[in-house]
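A.B. asks: Sequence positions in the sequence shown follow the working numbering and run 9 to 314. All C-beta atoms, glycine included, are put in the ideal place defined by N, C-alpha and C. Owing to the predicted nature of the structure, the values given are computational and were not obtained by experimental measurement.
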Amino acid sequence: MLAFPDTWHMTVTIVLLCLLAERFLLEYQERRQARWFFAYDHWLERQNLPGWMRQGFGGVISLLLPPLLIISILQLFLNDALFGLPVALFAGLVLLFSLGPVDLDDQIKRFTEAQLSGNAEQAGSIARDLLQDEPPSSEPTYSQALAGSVLEQANNRIFAVIFWFLILGPMGAALYRLASHLPRLQHASQELDFMLTSERLIAILNWLPARITAFVYAIAGSFEDALYGWRSYQERRHDEFKTSASGILICAGTGALRLSSLLEQEPSGAGATDAHYLAEAAMGLVWRSLMVWLVLLGVFSLAGWA
């Protein structure tokens with residue numbers, strides 16, 4: 009849609025504006041929650057649909073195809089109107105609602121504030137949201153898990169969304185975000201085939217973006233340590249992770265951070281409970297990596313003008 013080459017500069021502009029808008033709309037991030045998608049799934053469950061439309065691949069397609077078709081039709085309808093301004097605004101809105109939906113930097117700031125104020129309950133709640141699981145009970149495992157989750161979630165919330173937006177336009181961003189919601193649907197807990205197909209789809213959509221993001225982590229951090237972490241995943245650590253995407257992001261990202269050195273430098277000393285220290289360091293790497301992404305997009309955009 010927006011990716012090559014005469015409209016590439018417009019695509020890059022939309023990405024930049026959405027990333028800026030996200031910073032100014034933090035108080036409205038709750039509105040980006042895809043409640044309509046969960047309501048849509050509940051409505052489909054009440055319909056008398058054939059079994060193949062609720063199970064496995066058929067169930068995933070039945071859920072994703074209608075909203076993606078609507079986005080595609082609206083995009084085609086707006087494409088030639090008013091010098092492309094309406095389609096650019098539409099693409100920007102879809103991208104903005106596909107990012108996140110919870111702002112990662114804001115989440116880390118709230119976690120840090122909770123830890124520093126001694127609010128263990130709030131800090132634990134944020135940690136569970138980040139890890140999507142119960143956090144480890146001891147240090148430094150807790151801090152390491154949190155830092156790794158920041159690196160993984162940055163791909164899921166930001167980098168992969170931008171990647172698919174660049175490749176497929178608004179439909180790509182929406183596809184990635186809606187697919188990420190599939191395992192959380194009530195239907196997924198009831199149909200094993202649906203859950204497995206959803207996870208396979210997410211793994212496919214994450215395969216290339218995760219590896220690009222891990223490589224950018226290496227550029228933005230310690231390149232040699234990041235490559236060592238990547239190799240360690242491939243050679244001996246692959247069984248520790250549910251997916252190859254999460255394994256490569258965490259192993260390469262924590263290598264780029266030089267995590268062992270950060271643990272030694274932590275102001276409170278080894279074994280401390282200041283988990284925010286590593287989380288903030290991981291978020292710093294994410295910001296530097298985003299700058300690398302934007303510089304690369306800018307270079308491609310300038311090349312498109314030439």
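Taking the alpha-carbon positions, what's the residue 240 to residue 218 distance?
C.D. replies: Rounded to the nearest angstrom, the two C-alpha atoms are 16 Å apart.
A.B. asks: Does the beta carbon of residue 103 sit closer than 8 Å to a beta carbon anywhere in chain B?
C.D. replies: Any reference to chain B falls outside this structure, which holds one protein chain only.
A.B. asks: Determine the contact status of residue 293 and residue 264, defining contact as a CB-CB distance below 8 Å.
C.D. replies: Yes; because the gap between Cβ atoms is below 8 Å, this pair is in contact.
A.B. asks: With burial defined as no fewer than 16 other Cβ atoms inside 10 Å of the residue's Cβ, what is the status of residue 283: buried or exposed?
C.D. replies: When all chains shown are included, residue 283 counts as buried.
A.B. asks: Return the CA-CA distance between residue 74 and residue 176, expressed in angstroms with no decimal places.
C.D. replies: Cα to Cα, the separation comes out at about 17 Å.
A.B. asks: Could you spell out the range, first to last residue, of the alpha helix (DSSP H) harbouring residue 239?
C.D. replies: Looking at the DSSP string, the run of the alpha helix (DSSP H) that includes residue 239 is 231-240.
A.B. asks: With distance defined between alpha-carbon atoms, name the residue in 164, 174 and 194 nearest to residue 258.
C.D. replies: Answer by Cα proximity: 164.
A.B. asks: Counting only runs that start and end within the region 136-209, where is the alpha helix (DSSP H) found for 4 or more residues in a row?
C.D. replies: Runs found: 149-162, 168-176, 178-189 and 194-198.
A.B. asks: Measuring CB to CB, does residue 155 end up less than 8 Å from residue 139?
C.D. replies: Taking 8 Å as the Cβ cut-off, residue 155 and residue 139 do not qualify as a contacting pair.
A.B. asks: Rounded to whole angstroms, what's the CA-CA distance from residue 199 to residue 307? Just pull it up for me.
C.D. replies: Roughly 46 Å between the two C-alpha positions.
A.B. asks: Out of curiosity, what's the CA-to-CA distance linking residue 224 and residue 112?
C.D. replies: Approximately 18 Å, taken between the alpha carbons.
A.B. asks: Taking Cβ positions, are residue 72 and residue 187 nearer each other than 8 Å?
C.D. replies: Closer than 8 Å, so yes.
A.B. asks: What residue from 256, 46 and 52 has the CA that sits closest to residue 242's CA?
C.D. replies: Answer by Cα proximity: 256.
A.B. asks: To the nearest angstrom, how far is the alpha carbon of residue 32 from that of residue 40?
C.D. replies: Looking at the two C-alpha atoms, the distance is approximately 14 Å.
A.B. asks: Going by DSSP, what residue range makes up the alpha helix (DSSP H) through residue 19?
C.D. replies: Run containing residue 19: 16-32, per the alpha helix (DSSP H) assignment.
A.B. asks: When you compare each of 260, 213, 124 and 201 to residue 229 by their alpha carbons, which one comes out closest?
C.D. replies: Ranking the options by Cα distance to residue 229, first place goes to 260.
A.B. asks: Let me make sure I understand the geometry here. Which of 169, 104 and 133 has the alpha-carbon closest to that of residue 301?
C.D. replies: It is 169 whose Cα lies nearest to the Cα of residue 301.
A.B. asks: Under a Cβ-count criterion, where at least 16 other Cβ atoms within 10 Å of its own Cβ denotes burial, should residue 162 be classed as buried or exposed?
C.D. replies: It is buried - the Cβ of residue 162 has at least 16 other Cβ atoms within 10 Å.
A.B. asks: Using a threshold of 8 Å, state whether the C-beta atoms of residue 178 and residue 78 are closer than that.
C.D. replies: Cβ atoms of residue 178 and residue 78: not closer than 8 Å.
A.B. asks: With burial defined as no fewer than 16 other Cβ atoms inside 10 Å of the residue's Cβ, what is the status of residue 291: buried or exposed?
C.D. replies: Residue 291 comes out buried.
A.B. asks: By the 10 Å Cβ neighbour count, where 16 or more other Cβ atoms means buried, how is residue 58 classified, buried or exposed?
C.D. replies: Under this definition residue 58 is an exposed residue.
A.B. asks: Rounded to whole angstroms, what's the CA-CA distance from residue 216 to residue 209? Just pull it up for me.
C.D. replies: Taking the straight line from one Cα to the other gives about 13 Å.
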